[in-house]
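Number of protein chains: 2
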Amino acid sequence: MHKIKQSEIEFFKSALAKDSDVYPTSAILQWLKQKNEETKTRIEQIPLDKMRMWHFDEVTGNLVHDSGRFFSIEGIRIETNWGKVASWEQPIINQPEIGFLGIICKKINNVLHFLMQAKIEPGNLNMVQLSPTLQATKSNYTRVHKGKVPAFLEYFNGEKPAKILLDQLQSEQGARFLRKRNRNIIIKIPEDENINIPENFIWVTLGQIKELMRYDNVVNMDSRTVISGISFGSYNEQTLEYFLALGNLSICNEHCLYSTLSFDNYLNDFDQIISWITNLKSRYDMKVTPVPLKLVKEWVYDGMSIRHNNNQFFSVIGVNVDIENREVISWDQPMIKPAQEGIVAFIVKPINGLYHFLVQAKLEAGNFDIIELAPTVQCLTGNYRTGFQEYSVPFINEVLTASDNKIWYSAYQSEEGGRFYKEQNKNMIIEAGENFPLEVPENYCWMTLNQLFVLIRFNNYLNIAARSLISAVSF
Amino acid sequence: MHKIKQSEIEFFKSALAKDSDVYPTSAILQWLKQKNEETKTRIEQIPLDKMRMWHFDEVTGNLVHDSGRFFSIEGIRIETNWGKVASWEQPIINQPEIGFLGIICKKINNVLHFLMQAKIEPGNLNMVQLSPTLQATKSNYTRVHKGKVPAFLEYFNGEKPAKILLDQLQSEQGARFLRKRNRNIIIKIPEDENINIPENFIWVTLGQIKELMRYDNVVNMDSRTVISGISFGSYNEQTLEYFLALGNLSICNEHCLYSTLSFDNYLNDFDQIISWITNLKSRYDMKVTPVPLKLVKEWVYDGMSIRHNNNQFFSVIGVNVDIENREVISWDQPMIKPAQEGIVAFIVKPINGLYHFLVQAKLEAGNFDIIELAPTVQCLTGNYRTGFQEYSVPFINEVLTASDNKIWYSAYQSEEGGRFYKEQNKNMIIEAGENFPLEVPENYCWMTLNQLFVLIRFNNYLNIAARSLISAVSF
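Protein chains in written order, with my numbering: chain A, 1 to 475; chain B, 1001 to 1475.
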């Protein structure tokens, strides 16, 4: 676990390669813009009960596909001793299968390149975003339904040889999905393997992906979660010097690199972090029971969409989608539309000479195991700008009032466009001011970046918002 | 995570201390024997519907306590694409709360001692077994019900100061409990803190606990699971030499020590292990649905107990318990009685000069997350001796035919005596013969002991049978 591995060095070189011999970053942006212009899309909101191939189940009122496949919108009731709201009911997406989010890598000119896809999703802002090589549901990849086989599946299912570099189960949005997880996988094919690249695919370096993440809504959520799992090895003087020699790093990035690589100088050791999580999971319960969608309290179907009484949180809408490229594809589906845009932010602070991230333990209705680790601030649904939220969000002021020189990272990023309708959240990493306290409330904990990378490896520790932010860390 | 810590050195010294200045091991055995003799118990099987304070729920037929507290026996239906049986129904224990299994440590004469308890449980073989300082349900430790406060609770709930050395969520038997977990915790109190030790408590070293585990049914399951989480730090030449200098180790134990401490020379690195788990969890599903106990297929209530049609697996029996020590305590409760004794065994093999353990991924009905990692052989319920099992158990022959010099460890150990009636399983660690294959079926993986210790730290990776065996590893 702790030796520096060849794959970690290769990932790190790729992360430093902010431009590529294959395509400069500007050309990738241009290529995405062109793909966008070539595509004609019409997305129209329609009443949920007018969607082709979807219906409300007679008994439960759950929103289901006529085939029984894909996903459904169901109701749940939550009871918990966590937080200030002891119980509530809400609609949630139920898609009880593990999908593939896979990226193929290959060394080109001695630098690892990632095969990315310009992919259209009906909910995407920017319509076309940069996606993993493969996004496949279980029905796709087990080919139960004999549908069209996704491109490059043969490298992920063992039919063609490839070396697995990363292969992790990662969670989706716990407030919207019921215990949904995906298999996040990166594989490497031999340098001399010439594969046929379809016109909507492109080779990019990890540094370029991170560079593109500085733009709003260019790199999709699936890409971000997959690359968030890439760790860069553990620190010793020798490997650190090696890494420093590789790149021309600014001071800020050098700090970040130290935090990435170092297992020393942490404020809390791993036993303390695990104990912190154990304590919270032991003391707090969450009971989730299914409720027929038509009986979910405080939520109504108004003839068009399912929304909260007070128009808070999100609504379930129906869309009619026409995408015209060379062929016309048309379908209807339900989507989740947020009530307003949100914000997710990590606050970082140098402690013992090493940047630490302030991690929040957060309970969400769809969590697999009560709590997951979230960014310092995560308000996806709260009315954070106006101050009229039901209860205050800790640390939100530090984030909203940070001066420019303390903002490490700030960009709007989309939730997954196959389920979420034009949902963007502001992603930020903020360096805390000097007076920011070391003492934090019981559901917060300071961790180094490398400690976070260790936790990412294991199931259901870091939530998708935290991973989205971590994927943006560059050197 | 990877620096050797003071607590790890102290644990290791305690593990090497096979005798203590406080009580020699023989005196502890004598003390337990005496406690046993002082106690009069009468455990009588009675019909389930004659139990005081318990009843079958009118609607579901579930077996519940009149107060609604403690635990219940319910039915579940399992559907899965794992293994050869696609679906089945069974009774299961539902106890949806996280209990405390806690041990207090203190340095005495410069060696860490563990405060253990001689505890009576109705299902225990040997009646009195060595237990953790504290076994408490959530109702106990949150004191919701104002019952008798368990001894030493104040050190675990923060009322009195103590340093947490280990604090992990660990699973119970997946074939018998529905997603049950306990908080396994070890705390250390200052050397100069004089605490009052009741007569049924005793200070012992970790080496003594491991020595006592060489006897049948002396150290209870709760103790074994707690101490299984103790890791001994990571390897480097310096720390290893330090450890070797501490003890007078035999060659076999030295090998085992290397496997404990070394993070190098593994056959599979951590990314490969995680990928192996991810692949299995992605490909295999398990759907668990509640079924009213009275409708569970192939199980019947015969007027006395609930048993399988063919008397296989286990039965749910009712017991009337009288325990007479200084006072008489009497109660009734349901218990799980196994159809026969089972066997759990790890096969180990030197690979790259380091002992590796052959780990099995195993699906059980009550698992929190589809599979957990089990010993090479785990047949708790199969008719493994006669060869008449429904399907063959891989590697069982290697275990049953191992020559004496290849048996590292062999003892009968009990399941937890509060729920399981006289259930003992043979616990074995066997060194494989030279011809034992390196290639293993897809649901098996070779790991070093230190890799297993890393996995134990995180929720729901190693099952309780694997942990029971690992706790027995001594130096």
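For every residue, glycine included, the Cβ atom is placed at its ideal position computed from N, Cα and C.
Chain-ordered neighbours of residue i on chain A, where CB pairs are closer than 7 Å
i	result
residue 1309/B	Under the 7 Å cutoff, chain A gives no residues; its nearest Cβ is about 31 Å from residue 1309/B.
residue 1369/B	459
Presumed contact (8 Å Cβ cut-off) between residue i and residue j, rounded CB distance
i	j	result
residue 1282/B	residue 169/A	7 Å
residue 946/B	residue 1469/B	Nothing about residue 946/B can be read from this structure; chain B reaches only from 1001 to 1475.
residue 304/A	residue 123/A	About 17 Å separates the two Cβ atoms, so there is no contact after all.
residue 224/A	residue 67/A	At roughly 30 Å, the Cβ-Cβ gap does not stay under 8 Å, so residue 224/A and residue 67/A are not in contact.
Chain-ordered chain B contacts of residue i [CB-CB under 8 Å]
i	result
residue 274/A	1167, 1168, 1457 and 1458
residue 98/A	1281 and 1282
Check: residue i C-beta below 7 Å from any heavy atom of the ligand ATP
i	result
residue 1186/B	Among the ligands in the structure shown, none appear at all, so the ligand ATP cannot be discussed.
Assigned exposure category for residue i - 16 Cβ within 10 Å defines buried
i	result
residue 1027/B	exposed
residue 392/A	exposed
residue 438/A	exposed
residue 1222/B	buried
residue 1458/B	buried
residue 1012/B	buried
residue 1195/B	exposed
residue 1429/B	buried
residue 295/A	exposed
residue 1289/B	exposed
residue 1433/B	exposed
residue 1109/B	exposed
residue 1008/B	buried
residue 1359/B	buried
residue 454/A	buried
residue 1042/B	exposed
residue 1462/B	buried
residue 1401/B	exposed
residue 51/A	buried
residue 53/A	exposed
residue 1427/B	buried
Chain-ordered chain A contacts of residue i [CB-CB under 8 Å]
i	result
residue 1164/B	271, 272 and 275
Range covered by the alpha helix (DSSP H) that runs through residue i
i	result
residue 207/A	206-212
residue 454/A	449-457
residue 507/A	As shown, chain A starts at 1 and ends at 475. That puts residue 507/A outside it, with no answer to give.
residue 1400/B	1396-1400
residue 1036/B	1025-1038
residue 278/A	270-283
residue 307/A	Not the alpha helix (DSSP H): residue 307/A falls in the beta strand (DSSP E), residues 306-308.
residue 6/A	6-16
residue 1465/B	1464-1471
Contacts that residue i makes with chain A (C-beta to C-beta distance below 9 Å)
i	result
residue 1183/B	278, 279, 281 and 282
N-terminal and C-terminal residue of the beta strand (DSSP E) that residue i is part of
i	result
residue 54/A	54-56
residue 317/A	314-324
residue 1335/B	1328-1338
residue 1118/B	1111-1120
residue 1167/B	1163-1171
Selected residue, minimal CA-CA separation from residue i, among the options
i	options	result
residue 1347/B	1374/B, 1322/B and 1331/B	1374/B
residue 1409/B	1455/B, 1475/B and 1116/B	1475/B
residue 204/A	277/A, 103/A, 376/A and 411/A	103/A
residue 164/A	181/A, 105/A and 24/A	105/A
residue 413/A	33/A, 54/A, 353/A and 129/A	129/A
residue 1116/B	1032/B, 1264/B, 1322/B and 1431/B	1032/B
residue 1268/B	1451/B, 1417/B and 1436/B	1451/B
residue 264/A	152/A, 447/A, 35/A and 192/A	447/A
residue 1156/B	149/A, 279/A and 182/A	279/A
residue 418/A	121/A, 113/A, 131/A and 46/A	121/A
residue 1082/B	1213/B, 1069/B and 1286/B	1286/B
residue 182/A	167/A, 189/A and 192/A	167/A
residue 1100/B	1126/B, 1309/B and 1138/B	1138/B
residue 198/A	332/A, 15/A and 118/A	118/A
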